[in-house]
Amino acid sequence: MVQTRRRARQRGAALLRLPTDVLHKIATHTAAPGLVVAAGTNLEARTALRKGTDEAERSRFGGIGMTVREAERVLRTRYPHILGESDLASRRAAGLALTTRSNVNVVDGPLLGGEPAGGEPRIYQGMVEALLAYGAEPSVPEDSDFGNTLLHLAYVADDPVALARLLIAAGANINARTLAPNGAGLTPLTWSIECGEGHQPCYDVAVFLIEQGCDVVQAEADYACQYSNGSLVDLLNGFDRTVENRHLVDLITTALEAAGPERRRAADEAARQYSAAHNTEDSEYY
Numbered sequence: 001m002v003q004t005r006r007r008a009r010q011r012g013a014a015l016l017r018l019p020t021d022v023l024h025k026i027a028t029h030t031a032a033p034g035l036v037v038a039a040g041t042n043l044e045a046r047t048a049l050r051k052g053t054d055e056a057e058r059s060r061f062g063g064i065g066m067t068v069r070e071a072e073r074v075l076r077t078r079y080p081h082i083l084g085e086s087d088l089a090s091r092r093a094a095g096l097a098l099t100t101r102s103n104v105n106v107v108d109g110p111l112l113g114g115e116p117a118g119g120e121p122r123i124y125q126g127m128v129e130a131l132l133a134y135g136a137e138p139s140v141p142e143d144s145d146f147g148n149t150l151l152h153l154a155y156v157a158d159d160p161v162a163l164a165r166l167l168i169a170a171g172a173n174i175n176a177r178t179l180a181p182n183g184a185g186l187t188p189l190t191w192s193i194e195c196g197e198g199h200q201p202c203y204d205v206a207v208f209l210i211e212q213g214c215d216v217v218q219a220e221a222d223y224a225c226q227y228s229n230g231s232l233v234d235l236l237n238g239f240d241r242t243v244e245n246r247h248l249v250d251l252i253t254t255a256l257e258a259a260g261p262e263r264r265r266a267a268d269e270a271a272r273q274y275s276a277a278h279n280t281e282d283s284e285y286y
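The numbers in UniProt numbering rise by one with no breaks, and the one at position 234 of the sequence shown is 234.
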């Protein structure tokens, strides 16, 4: 009997020693329960695997702090007035809810969003975190003409960098392009500069996106394609020339100069092709 229990503990310890990347791969609401069952009828082994997957789920995205099951409970109990059953039916459905339902004017707990320029709706920290922990795809475009992602709207948050960091850690496409007619191809970097209208938090998130490796060259080419050869630097020069403004200009200028002419030409061609595929002559952007 003692040897049997010892062997069970050894099996449980072995499960806890699974590589972190393996635990991350199995830490989903579809795979983890099946693997717990696969551990057989041994309670200690099943408990060890469940403990390991729970820890992996809570450590995702820099420490989201929730398992999939815990996130689902939060979403169903705190946000039934915002989220329906269809919003939680799949990762993509949850991702669409992340983009379209996180920016609502309902006071509910700590806010990521305040009242930025233009009076955009708030973005709510608890709901965003719970949706990501639940498994929401972070780059599902909004089901509108614009086709923006939540990362495009990070500039409206009270702490844009915190929101952008969380989304990127969850796998958001840092170079996601809008789909809007006569506005196709605008990236989160472009939106943070253009829609931010020179406000400090918008500069903060723009700098952060560049530091995280966003494609400045393609963002510049797409912007120029939509705005008659305009440039992000010219756009920034139209705002107050603060220290933060000049720092962002320097970062963009450096990235463009480092790219070289061949890379710039390739980006220009990609912008023209994307624009031709998405734009229409009889529609207006904004």
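Here a beta-carbon is modelled for each residue, glycine too, at the ideal position from N, C-alpha and C.
Here Glu220 is buried: its Cβ has 16 or more other Cβ atoms, across all protein chains shown, within 10 Å.
Contact between the segment 149 to 157 and the segment 188 to 196 is present, with at least three C-beta pairs closer than 8 Å. Boundaries of the alpha helix (DSSP H) harbouring Cys225: Val216 to Gln226, taken from the DSSP string. Comparing alpha carbon positions, the residue from Gly183, Ile174, Ser86 and Thr77 closest to Ala271 is Gly183.
It is roughly 10 Å from the alpha-carbon of Gln200 to the alpha-carbon of Ile193. DSSP places Glu244 inside the alpha helix (DSSP H), whose first and last residues are Val243 to His278. Excluding its 5 nearest sequence neighbours in each direction, His278 has C-beta neighbours in its own chain below 6 Å: Leu179 and Ala184, listed in chain order. Rounded to the nearest whole angstrom, the C-alpha separation of Asp234 and Asp158 is 26 Å. In the assembly as shown, Thr242 is an exposed residue. Its beta-carbon has fewer than 16 other beta-carbons within 10 Å. Ranked by how close their Cα comes to the Cα of Leu132, the residues Ala176, Arg69, Arg264 and Ile252 have Arg69 in first place. When C-beta atoms of the segment 202 to 219 are compared with those of the segment 90 to 102, fewer than three pairs fall below 8 Å, so the two segments do not count as touching. One Cα belongs to Ile123, the other to Ala267, and the distance between them is close to 32 Å.
Separation of Gly198 and Phe239 (C-alpha to C-alpha, rounded to the nearest whole angstrom) is 6 Å. Looking at the backbone, the Cα of Glu129 and that of Asn175 are separated by about 21 Å.
Taken through DSSP and simplified to helix, strand or coil, Asn237 comes out as helix.
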